[in-house]
Amino acid sequence: MIDKISYSPLNIMSSVQPKDNSGEGAADLGKRFGSFLNDAITNLNTQQQQVDQLNQSFIKGELSDVHQLTIASEKASLGLELTVQVRNKVLEAYQEMMRMQL
Numbered sequence: 457m458i459d460k461i462s463y464s465p466l467n468i469m470s471s472v473q474p475k476d477n478s479g480e481g482a483a484d485l486g487k488r489f490g491s492f493l494n495d496a497i498t499n500l501n502t503q504q505q506q507v508d509q510l511n512q513s514f515i516k517g518e519l520s521d522v523h524q525l526t527i528a529s530e531k532a533s534l535g536l537e538l539t540v541q542v543r544n545k546v547l548e549a550y551q552e553m554m555r556m557q558l
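So this is what it looks like as structure tokens:
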């Protein structure tokens, strides 16, 4: 029983990109981006909790299919790596903006 991966790159990018003539300001786009990041962190936390539950089931001997645990842990690991890389890019962009001279 393998779950489909819920994120596709096209769907993620379409939700972040501004639309033409929408009248949204930078504050509105910032809030949308912030809510997108909060949703991603919440999803990552949910994945980690699922891995913890599967780990406990495995330790107790209740889990008959070890592949579920392996797949869930890899999904959580990849999600964490992606989160760390996004954080690093955001920090680099912030530091670059702070170095700019007016």
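Throughout the sequence shown, residue numbering follows the numbering used here, covering 457 to 558 in sequence. Virtual Cβ for every residue (Gly too), placed ideally from N, Cα, C.
Your pair LEU525 and PHE514 checks out as a contact, with CB atoms roughly 5 Å apart and the cut at 8 Å. Assignment of SER520 by DSSP, reduced to helix, strand and coil, places it in the coil class. In terms of Cβ geometry, ALA532 and GLN504 form a close pair [threshold 8 Å].
The C-beta of VAL542 has fewer than 16 other C-beta atoms within 10 Å across all chains shown, which makes the residue exposed.
In the three-state scheme derived from DSSP, where H, G and I count as helix and E and B as strand, GLY490 is classed as helix. In this structure VAL540 is exposed. Its beta-carbon is surrounded by fewer than 16 other beta-carbon atoms within 10 angstroms.
Collapsing the DSSP output to three states places GLY535 in a helix.
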